[in-house]
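Novice: In the order they appear, the protein sequences are chains A and B. Just so you know, we're using this note's numbering here: the first sequence kicks off at 1 and counts up by one. Just so you know, we're using this note's numbering here: the second sequence kicks off at 1001 and counts up by one. Where is the CB? At the ideal position from N, CA and C, for every residue including glycine. Just dropping this structure here.
Number of protein chains: 2
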Amino acid sequence: MTTLDRRKFLKVAGAGGAATAVAACDQPTAPAVHEAMPNLSWRMTSSFPKSLDTIYGAAETFARVVREMTDGRFQIQVFAGGELVGGLQAADSVTDGTVEMAHTASYYYWGKDPTFAIPTCIPFGLNCRMQNAWMYDGGGIDLVNKFYAGYNIYGLPGGNTGAQMGGWFRREINAAEDWKGLKIRIAGFGGAILSRLGAVPQQIAGGDIYPALEKGTIDAAEWVGPYDDEKLGFHRVARYYYYPGWWEGQAMLHFFINLEKWNSLPKAYQAIIRAAAKTADTTMMAGYDMQNPGAIRRLARAGAILRPFSEEVLDACFKASNDAYAELTANNANFKTIYEAMTAVRAEGYLWFQLSEQTMDTYMMIQQRKDAL
Amino acid sequence: MTTLDRRKFLKVAGAGGAATAVAACDQPTAPAVHEAMPNLSWRMTSSFPKSLDTIYGAAETFARVVREMTDGRFQIQVFAGGELVGGLQAADSVTDGTVEMAHTASYYYWGKDPTFAIPTCIPFGLNCRMQNAWMYDGGGIDLVNKFYAGYNIYGLPGGNTGAQMGGWFRREINAAEDWKGLKIRIAGFGGAILSRLGAVPQQIAGGDIYPALEKGTIDAAEWVGPYDDEKLGFHRVARYYYYPGWWEGQAMLHFFINLEKWNSLPKAYQAIIRAAAKTADTTMMAGYDMQNPGAIRRLARAGAILRPFSEEVLDACFKASNDAYAELTANNANFKTIYEAMTAVRAEGYLWFQLSEQTMDTYMMIQQRKDAL
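In structure tokens, the structure reads:
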């Protein structure tokens, strides 16, 4: 029986519990058939290479947890970016059903519609705690899925990097004017904002960034944060490591599932997928938070010069971002709806987080600098 | 068939798949029997009242998600604190098997051994992100379970409040001396540290705090944070709302499972419980982060006076905490092992979090104060 035949069979048998029981008794040597937990085999394309073990690993965690929870009945095979389809074709391959699902960054698809950027992050958006609050308790998942449905996609949060670094620069950024003419490797929507400041965003694949920085073909490059950046060795060819990464105050990845495939799943499998996605989401963030501290220490020891963007520089970037949002909300109803839901969480969140969270962290950071921890 | 009989039956039938299939065919009207996914019915006692909907709700979320993922085969009935056993007897009732599991705060049991406090929180410990990093990626869960095993318990993280507030005070705390003689309602290990500063910790149940504050029987009371505190109306009888809640920079709840019951579960059910616990953990934190902002606005409008503890006051509290930790690590090997694992995460974490996370949040908080969000 082919996989397709079996699925058709299950669909029929699944209509009634009694029919299933009879079928199982008629074929005592066949594997048990459970209408609520059928045998399924899916393919998931990741947008990421295996070398980004924390990010790519979130897809593998998801697949493993689904397999364990279903006692092996629901198998999901993970493919790295490029193995089945290119990393940036992940959404299209879910929309058209080439694969059942993908693990990707929604903002890769902002060229189709800038609204795709918001569920990942937009410059000066939310921090990780607020993003989770919005998604898991504030209706964010349902709201975003009204938009994704237009692309035949059901999306669930599936990992986070936390606040990224602002990237590696061959020269200092001391004033807003210093962005002008700066050739910077940056992916996605953040580059569109930087171009409003006069920078010249470059789209360069991960493996090609180092030589471009070394030769001076580009002046700067943003990638992720210490743990991933260290592997590519950027500190050897661009000494200034700027922060904060204001275009990615957090970056939430998503599992994109073909909407018809999602709707055809038994309720138990939908629940299992939701919990597996939360597992991937939580453990990827935990992974970065465990790995980044050691990496930043090693990078600083190896000569990286840590530099904060000044408030004046950030003010110019914030203004450029808000100008872009004003235009987008005026012209794009989807963007407006989701943007305004996000900013409502942001305004409230940054009031509350000033109190215990920020003052406690600040006090502990003072102790860290005193070497008292 | 009683529940006990059914479990015995399942245990026997579960020994071989073929036996199960035959049993199912012999009884076509009985529910299907799956050796990997048996019908189970458990009881979970919560340490919390239903009125703490965010905390108590995490146990209900857990039970619902387990039920959904198993298509109703694994049922867990949740009981509020006091319905089956008292809130502070939850751990004992898991140890002796009175219930299969509990939802509780590990630090309630610090009187048995102060080591119980660390997996929840100890003063000047970790923030929520670091606690998750330690637990989910840094080996924290396994390390803590070596300790819990001595109490016949398997523990999994199951919810967080984030950084709590420092509580409601009838008079100001302007210097470390002001703690002396202060009668403050505070639960658990934090009270032991406060008593080193000269405060007089009081153990008072939630419903009795308001009248005690009103009459002046106590001078101060800590509960949780804005969302829960608002319901009890403390702002009407103690105006000063202090922060940060340095004894609870985060507070992680746990699901405690009877160790034999845990070990007897099929692997698929163990995986389901792990994912359901992560779901409860993530969604409880998200719930507080969505609900606290509105509550703090309302409390401030209703007359609460927000007051930060000064750095001098915090320095005295930090010293008192460290003095206690020095004594405990000298005398308690379990405490020493887990404390040192935690502080290793803390020292590294507070280095890294100073960069993008803190500077991004700080910039956004400045915009919030400018009313620019």
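Sorted by chain position, which residues of the same chain lie with C-beta nearer than 7 Å to B/Asp1263's C-beta, five sequence neighbours on each side aside?
Specialist: According to the sequence as given, residue 1263 of chain B is Asn; it is not Asp. Same-chain partners within the cutoff: there are none.
Novice: Have a look at the DSSP bridge pairing and note the partners of B/Lys1183.
Specialist: Paired residue(s): B/Val1200.
Novice: Provide the residue(s) that pair with B/Gly1167 in DSSP beta bridges, ordered along the chain.
Specialist: Per DSSP, B/Tyr1242.
Novice: Any contact between the segment 1236-1245 of chain B and the segment 1158-1174 of chain B? By contact I mean 3 or more CB pairs, one from each, below 8 Å.
Specialist: The segment 1236-1245 of chain B, when compared against the segment 1158-1174 of chain B, does touch it at the 8 Å Cβ threshold.
Novice: Comparing C-alpha positions only, which one of A/Asp53, A/Ala326, A/Ala117 and A/Ser47 sits nearest to A/Tyr227?
Specialist: When each option's Cα is compared against that of A/Tyr227, the closest is A/Asp53.
Novice: Determine which residues of the segment 1243-1273 of chain B have a Cβ less than 7 Å from any Cβ of chain A, and write them out in chain order.
Specialist: Answer set for the segment 1243-1273 of chain B: Tyr1243, Pro1244, Gly1245, Trp1246, Gly1249, Lys1267, Ala1268, Ala1271 and Ile1272.
Novice: Sort B/Gly1245, B/Gln1089, B/Ala1302 and B/Thr1362 by Cα distance to B/Thr1098 and report the nearest one.
Specialist: Selected option, being the one with the closest Cα: B/Gln1089.
Novice: Which residues share a DSSP beta bridge with A/Gly140?
Specialist: Paired residue(s): none; A/Gly140 is not in a bridge.
Novice: What separation, rounded to the nearest whole angstrom, lies between the Cα atoms of A/Val12 and A/Leu40?
Specialist: Low local confidence applies: a pLDDT of 34 at A/Val12 is under 50, so the model's placement there is unreliable, with the coordinate-based value given in what follows. Answer to the nearest angstrom: the Cα atoms are 15 Å apart.
Novice: Step through the CB atoms of chain A and report whether any lies within less than 8 Å of the CB of B/Arg1298.
Specialist: No - not a single Cβ of chain A is within 8 Å of the one on B/Arg1298.
Novice: Excluding the five sequence neighbours on either side, which residues of its own chain have a C-beta within less than 8 Å of the C-beta of A/Lys381, listed in chain order?
Specialist: This structure cannot speak to residue 381 of chain A, because chain A is shown only from 1 to 373.
Novice: Since B/Ser1041 is in the beta strand (DSSP E), which residue starts that stretch and which ends it?
Specialist: Leu1040 to Ser1046 is the extent of the beta strand (DSSP E) around B/Ser1041.
Novice: Please name the residue, chosen from A/Gln270, A/Gln250, A/Leu253 and A/Gly249, that lies closest to A/Leu259 on a Cα-to-Cα basis.
Specialist: Closest option to A/Leu259, Cα to Cα, is A/Gln270.
Novice: How would you label B/Lys1112, buried or exposed, when you count the other beta carbons within 10 angstroms and need 16 or more for buried?
Specialist: Label assigned to B/Lys1112: exposed.
Novice: Does the segment 1062-1079 of chain B touch the segment 1207-1220 of chain B, meaning 3 or more C-beta pairs lie closer than 8 Å?
Specialist: No: the two stretches stay apart, fewer than three of their Cβ pairs being nearer than 8 Å.
Novice: Tell me, which residues are paired with B/Pro1157 by DSSP?
Specialist: Paired residues: B/His1254.
Novice: So, for B/Leu1373: in the same chain, excluding its five sequence neighbours on each side, which residues have a beta-carbon less than 6 Å away from its beta-carbon?
Specialist: For B/Leu1373, where only same-chain residues beyond five positions count, the Cβ hits under 6 Å are Gln1367.
Novice: Quick one: complete beta strand (DSSP E) runs, 3+ long, within the segment 1278-1312 of chain B?
Specialist: Complete beta strand (DSSP E) runs here, min 3: 1305-1308.
Novice: Alpha carbon to alpha carbon, what distance is there between B/Asn1292 and B/Arg1073?
Specialist: Each residue's alpha carbon lies about 36 Å from the other.
Novice: For B/Pro1293, which residues in chain A fall below 8 Å Cβ to Cβ?
Specialist: Simply Glu348, Gly349, Leu351 and Trp352.
Novice: Pull the bridge partners of A/Thr54 from the DSSP assignment, please.
Specialist: A/Thr54 pairs with nothing; no bridge assigned.
Novice: Keeping to the same chain, check which residues put their C-beta closer than 6 Å to that of A/Pro119; ignore five residues upstream and five downstream.
Specialist: Hits under 6 Å: Ser106 and Val144.
Novice: Identify the contact partners of B/Arg1129 in chain C, using a Cβ-Cβ distance below 9 Å as the criterion.
Specialist: No chain C appears in this structure, whose protein chains are A and B.
Novice: Give a yes or no on whether the C-beta atoms belonging to B/His1235 and B/Ala1304 are separated by under 8 Å.
Specialist: In contact: B/His1235 and B/Ala1304 (Cβ atoms closer than 8 Å).
Novice: Go ahead and label A/Ala326 buried or exposed: buried means 16 or more other beta carbons lie within 10 angstroms of its beta carbon, across all protein chains shown.
Specialist: Classification of A/Ala326: exposed, given that the 10 Å Cβ count is below 16.
Novice: Using CA coordinates, which residue listed in A/Ile296, A/Leu194, A/Ala251 and A/Gly57 is at the minimum distance from A/Gly233?
Specialist: A/Gly233 has its Cα closest to that of A/Ile296, out of A/Ile296, A/Leu194, A/Ala251 and A/Gly57.
Novice: Distance, Cα to Cα, A/Gly86 vs B/Phe1048?
Specialist: So the two alpha carbons sit approximately 50 Å from each other.
Novice: If we cut at 8 Å on Cβ distances, does A/Asp229 have a partner in chain B?
Specialist: Not one chain B Cβ lies under 8 Å of A/Asp229.
Novice: Given that a residue counts as buried once 16 or more other Cβ atoms are within 10 Å of its Cβ, and exposed if not, what is B/Ser1356?
Specialist: Classification for B/Ser1356: buried.
Novice: I'd like the ranges of any beta strand (DSSP E) spanning at least 3 consecutive residues and lying wholly in the segment 1077-1126 of chain B.
Specialist: DSSP runs (the beta strand (DSSP E)) wholly in the segment 1077-1126 of chain B: 1101-1104.
Novice: Check the DSSP bridge columns for A/Phe318 and list the partner residues they point to.
Specialist: DSSP lists no partner for A/Phe318.
Novice: A/Pro114 and A/Gly190 - do their beta-carbons sit closer together than 8 Å?
Specialist: No, the Cβ-Cβ distance between A/Gly190 and A/Pro114 is not below 8 Å.
Novice: Report the neighbours of A/Leu314 on chain B: residues whose CB is nearer than 7 Å to its CB, in chain order.
Specialist: Per Cβ cutoff of 7 Å: Tyr1363.
Novice: Let me know the secondary structure DSSP gives B/Ala1220 once reduced to three states.
Specialist: If DSSP states are grouped into helix, strand and coil, B/Ala1220 belongs with the strands.
Novice: Anything in chain B within Cβ reach of A/Glu68, meaning under 7 Å, just list it in chain order.
Specialist: Within chain B, the residues near A/Glu68 are Lys1267, Ala1268 and Ala1271.
Novice: Could you check what DSSP says for A/Phe353 in three-state terms: helix, strand or coil?
Specialist: Reduced to three states, the DSSP call for A/Phe353 is coil.
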